[in-house]
Amino acid sequence: MRELLDGAEAITRGARAAGCNFFAGYPITPATPLLLRMLRDLPNLGGIGIQGEDEIASIGMCIGAAMTGAKAMTATSGPGISLYSENIGMAIMGEVPLVIVAVQRLGPATGGATTVAQGDVQFLRWCTSGGFPIIALCPSSIAECYSLTQHAFNLAEKFRTPVFIATDKEMMSAQQSVDTNTFEHIARVERALAPNHGEFVSYYTRKLADIPAFSPIGGAHLTRFTTSMHDETGMLTKKPSNVNRTSRHLYQKIVTHRDELEFVTRDMQDGATTLIVSYGITARSMWQAARDARSTGKRVSTLTIQSLWLTPEKSLCDAMRGVSRVIVPELNFGQYRLEIERVAYALDPRPDVIGVNRVDGELIEPEEITALIRE
Amino acid sequence: MSEDSMIPGISTYRFPDRPYPFCPGCGHTLTLEHLNTALVKLQLDPHKVVLVTDIGCVGMSDQYFDVNAFHGLHGRAVTYATGIKLVNPDLRVIVLMGDGGIGIGGHHLLNAARRNIGITVLVFNNLIFGMTGGQHSVTTPHGATTSSTRFGNLERPLDICKTVAVNGASFVYRGAAFDKDLPDHIADAIETPGFALLDIWELCTAHYVPNNDFSKGALLQTIQNLGLASGILQRLDAPELARAYHEQFANNQLPITQPQSIEIKFDSALTKTTRIVLAGAAGGKVKSTASALALGGMYAGLWATQRDDYPVTVMTGYSVSEVILSREEILFMGIAKPDILAVLTPEGLAQVPRQLRAMDESQTVYVVPELTERIETRARKIAFDFSRAHPTKKSLALMATAAIVRHANLFPLDALREAISTGQSTDIAQENLKVVAASEFIL
Ligand SMILES: Cc1ncc(C[n+]2csc(CCOP(=O)(O)OP(=O)(O)O)c2C)c(N)n1
Ligand code: SF4
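In the order they appear, the protein sequences are chains A and B.
For the first sequence, counting from 1, position 206 maps to 206 in our numbering; every step adds exactly one.
Here our numbering = 1-based position in the second sequence + 1000.
Have a look at this one:
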């Protein structure tokens, strides 16, 4: 079916398809369209959509709802992520499945509300205290807004952790003609529930990297949730062996699955010595640049990253091996380039990593990229 | 003997072998014992009870009760409680927080009262921050000595009860941890369907007592001196939010918006990708016109994108929309060099100097007559002729766009009509179809 859709609508449908039944948010450009659509749809599907008094309340309600068994989502932009920060840490600590859509706009603080940017890429990675892993997916097309939203819910459920969908003003609100028949429907991952009978210990895992079974507040078992460092029963602890286990559990439960968390699209050309790597809205500049370059006989490969965090190291290594130049277009000062340089460091010979960066609120012109592609 | 009466009652909701961690004489111990007594009195199923604790010494409280426990961030307990209650209105959600939590999270308290969400908030009000070392809080009396007000507190205390009462709380009570009848009031609050708050005054024996020569008597005297009322201060019977929400939508399902399928019904003669910019003013329906243009292209079998640019203001300033129509999938959505630029208003013109400069002889600027002289470009310039049709502020963008569709032979005008008829409500579509008809006279 051919439709004219924006990212907000595709993310809303993706959330619906994933079984999202709770949304709380606070209006902020350019994330507001998502708030409005979720509040429009959820009540009709037996879910709950509410506007919080601020971002802190919104994410707080989502966390309370998620621990009561809901599949919760919230959406905001940079200023709101700042206010979410402490609660994101709590969602990591308390092992809360939660999807957070981060719709980037330009600049620090209030910045440019209606202006496209990708300046929050590292901010999302290090958005809270403690230095624990974060998962962030990043769509570059309307179809990916739909599919990655479902993946985001699935990962949140599977790993019991907050998962970002990192997007931007243009992906959110620009409309594109799409064939929705080609949209990918992802099998739903449901939260692993503790059996109704038998003993239940809120944060018990047999192995360090296992995910604790879930029992909703008000369900078959008495549950304990905590924002504080805890033992497996959910009680506060300072005992080094307990602290060590919980810290390492929160780290390992994600990092040991890094292979499953790599989402990329490769478009490799034989004999190409230039690779372009990008994500989100700038991937579209990259795709056009590759199309233009190839039409003039130049050879170039592209790697589109859909999983910004964890860094898809294996895919990056594979794609960079054998190329002499890696071009990284971004609407920031080169935040993800840092990751690519870090990964490239392990390669011998090591390719040159070159950024194409804009921070003026305009998109990167494909010509700015093609100019750097060698034969 | 009936089966019911054979079930032994619950004699405590506490873990039997876990003594409280509080300082000797700390009011928290008393208040929690009253809470336990209230729960025993109500004989609630522990599975249906959630203790949501804030931060501070009081934040440790949930660990001593064998019910559902949720220990959250400083000041935010009310937000989690709200989320829990919304999802499961059958739960008894009890928030335990200090006067510190009231200070940092006061905003949530106001809104919980205003919404009348059915949670019970017990404020363990010891007039000071216990855990962090005796700093003053929002309820510290004027003149009191704390570690952050060594020369006497210059600030005045917040009346928590009045604050939530005036904002619509269903149940408001003020008392002290020493009150013998406190369990009854706690039980009363828990049984209240709407938002209930108990402001329970306590001694912090580690900080407030030694620094202010404080005692039980002095505490009760302070309540009086401050002119604060005690006892049940408000009881209202208003709809509780979580139930109201579920009821509203249980009885009142709105239709889910259906996706709009666009069937190819027309042909387009367009061969090369065409980038179109409409530069107008806010309130001039530029965005909805651009949508109709993109949809029209789709009805004629083309790929389309639409990007909008506008300032943060709503009804003033510029509104610029970009539409790309193509035979192949559109990857890059930017337009540095338009094939067609429609200059509709001075606000729009001010936004497109770079595009005007970039355009060449193969491209076209369509412009309203009064701005023709102000356009500097190498592109072909074509002025609209408004002698036979007179667009208004609201119809200009569409009339101009319809004229361009025909003039530039983008696709059949019927495709645009189809987009208008299917994409807009009937009244608006009727008006807009008249505008499309009039477009014939302006180019
Ligand atoms: C965001 C944040 N700021 C500051 C703190 C540090 N902190 C811990 S307890 C506390 C005050 C607690 O006082 P109160 O709520 O009255 O509880 P009490 O200790 O008296 O029981 C503060 C400020 C924190 N945990 N989180
Ligand atoms: S510091 Fe104060 S509030 Fe904390 S346990 Fe001691 S007496 Fe109670």
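Positions of the beta carbon are idealized from the N, C-alpha and C atoms, including for glycine.
Quick caveat, the model's predicted, so the values are computed rather than measured.
Proximity below 8 Å, CB of residue i to CB of residue j
{"i": "Ala1218/B", "j": "Leu1197/B", "result": "no"}
{"i": "Arg1374/B", "j": "Leu1349/B", "result": "yes"}
{"i": "Ala166/A", "j": "Leu308/A", "result": "yes"}
{"i": "Ala1165/B", "j": "Cys1023/B", "result": "no"}
{"i": "Ala1304/B", "j": "Val1320/B", "result": "no"}
{"i": "Ile1094/B", "j": "Ile1200/B", "result": "no"}
{"i": "Ile173/A", "j": "Pro30/A", "result": "According to the sequence as given, residue 173/A is Ser; it is not Ile. Yes; because the gap between Cβ atoms is below 8 Å, this pair is in contact."}
{"i": "Val101/A", "j": "Ala75/A", "result": "yes"}
{"i": "Leu1127/B", "j": "Asp1099/B", "result": "yes"}
{"i": "His230/A", "j": "Thr246/A", "result": "yes"}
{"i": "Gly1072/B", "j": "Phe1129/B", "result": "no"}
{"i": "Val328/A", "j": "Val359/A", "result": "no"}
{"i": "Val356/A", "j": "Val326/A", "result": "no"}
{"i": "Ile135/A", "j": "Thr161/A", "result": "yes"}
{"i": "Pro212/A", "j": "Glu367/A", "result": "no"}
{"i": "Val189/A", "j": "Glu144/A", "result": "no"}
{"i": "Ile1104/B", "j": "Val1050/B", "result": "no"}
{"i": "Phe22/A", "j": "Ala91/A", "result": "no"}
{"i": "Asp1339/B", "j": "Ile1420/B", "result": "no"}
{"i": "Leu124/A", "j": "Val163/A", "result": "no"}
Buried or exposed (CB count within 10 angstroms, at least 16 for buried), residue i
{"i": "Lys1287/B", "result": "buried"}
{"i": "Arg342/A", "result": "exposed"}
{"i": "Asp1177/B", "result": "It is worth fixing the name first, because residue 1177/B is Ala in this sequence and not Asp. That one is buried."}
{"i": "Pro1157/B", "result": "buried"}
{"i": "Ala1144/B", "result": "buried"}
{"i": "Ile48/A", "result": "buried"}
{"i": "Ser1002/B", "result": "Any reading at Ser1002/B must be qualified, since the residue scores a pLDDT of 44, below 50, and its modelled position is unreliable; the value itself is stated next. Exposed: under 16 other Cβ atoms inside 10 Å."}
{"i": "Asn244/A", "result": "exposed"}
{"i": "Asp1054/B", "result": "buried"}
{"i": "Arg105/A", "result": "buried"}
{"i": "Met93/A", "result": "buried"}
{"i": "Thr1031/B", "result": "buried"}
{"i": "His1028/B", "result": "buried"}
{"i": "Ser1291/B", "result": "buried"}
{"i": "Thr12/A", "result": "buried"}
{"i": "Phe1015/B", "result": "exposed"}
{"i": "Ser241/A", "result": "exposed"}
{"i": "Thr1345/B", "result": "buried"}
{"i": "Trp287/A", "result": "buried"}
Proximity winner among the options, relative to residue i (alpha-carbon distances)
{"i": "Ile1119/B", "options": "Lys1337/B, Thr1132/B and Leu1241/B", "result": "Leu1241/B"}
{"i": "Gly410/A", "options": "Thr227/A, Arg294/A, Glu190/A and Gln252/A", "result": "For chain A, the structure presents residues 1 to 375; residue 410/A sits outside this window and is missing."}
{"i": "Leu363/A", "options": "Gln118/A, Gln269/A, Met229/A and His249/A", "result": "Gln118/A"}
{"i": "Gly1059/B", "options": "Gly1009/B, Gln1248/B, Asn1125/B and Leu1325/B", "result": "Asn1125/B"}
{"i": "Gly7/A", "options": "Gln175/A, Cys20/A and Asn87/A", "result": "Gln175/A"}
{"i": "Glu1329/B", "options": "Lys298/A, Asp179/A and Tyr279/A", "result": "Asp179/A"}
{"i": "Leu83/A", "options": "Ala24/A, Ala57/A and Glu9/A", "result": "Ala57/A"}
{"i": "Asn1212/B", "options": "Ala1342/B, Pro1193/B, Thr1149/B and Asp1237/B", "result": "Thr1149/B"}
Nearest-angstrom beta carbon gap, residue j and residue i [assumed within contact, 8 Å]
{"i": "Phe1384/B", "j": "Val1368/B", "result": "6 Å"}
{"i": "Pro26/A", "j": "Gly52/A", "result": "Checking the sequence shown, residue 26/A turns out to be Tyr, not Pro. About 5 Å; that satisfies the 8 Å criterion."}
{"i": "Ala1429/B", "j": "Tyr1299/B", "result": "Not quite, the Cβ-Cβ distance comes to about 14 Å (not below 8 Å), so this is no contact."}
{"i": "Gln1355/B", "j": "Arg1380/B", "result": "Actually they are not in contact, since the Cβ atoms of Gln1355/B and Arg1380/B sit about 14 Å apart, beyond 8 Å."}
{"i": "Val1087/B", "j": "Thr68/A", "result": "4 Å"}
{"i": "Ala1389/B", "j": "Phe1441/B", "result": "4 Å"}
{"i": "Val116/A", "j": "Glu55/A", "result": "Val116/A to Glu55/A, Cβ: 21 Å. No contact."}
{"i": "Pro1210/B", "j": "Asn1116/B", "result": "Incorrect: roughly 40 Å between the Cβ atoms, too far for contact."}
Any chance the segment 190-206 of chain A sits against the segment 116-134 of chain A, with 3 or more Cβ pairs inside 8 Å?
no
Tell me whether the segment 253-262 of chain A and the segment 299-313 of chain A touch, counting them as touching only if at least three CB pairs, one residue from each stretch, are closer than 8 Å.
yes
Per the contact definition of three or more C-beta pairs closer than 8 Å, is the segment 1073-1086 of chain B in contact with the segment 1032-1043 of chain B?
no
Quick check: the segment 1129-1138 of chain B against the segment 1107-1117 of chain B, are there 3 or more CB pairs under 8 Å?
no
Report yes or no: do three or more beta-carbon pairs, one from the segment 148-155 of chain A and one from the segment 177-190 of chain A, lie closer than 8 Å?
yes
Check whether the segment 1259-1267 of chain B and the segment 1407-1418 of chain B are in contact - that is, three or more C-beta pairs closer than 8 Å.
yes
Would you call the segment 205-223 of chain A and the segment 317-328 of chain A in contact, with 3 or more CB pairs under 8 Å?
no
Three-pair Cβ contact test at 8 Å for the segment 333-341 of chain A versus the segment 1299-1314 of chain B:
no
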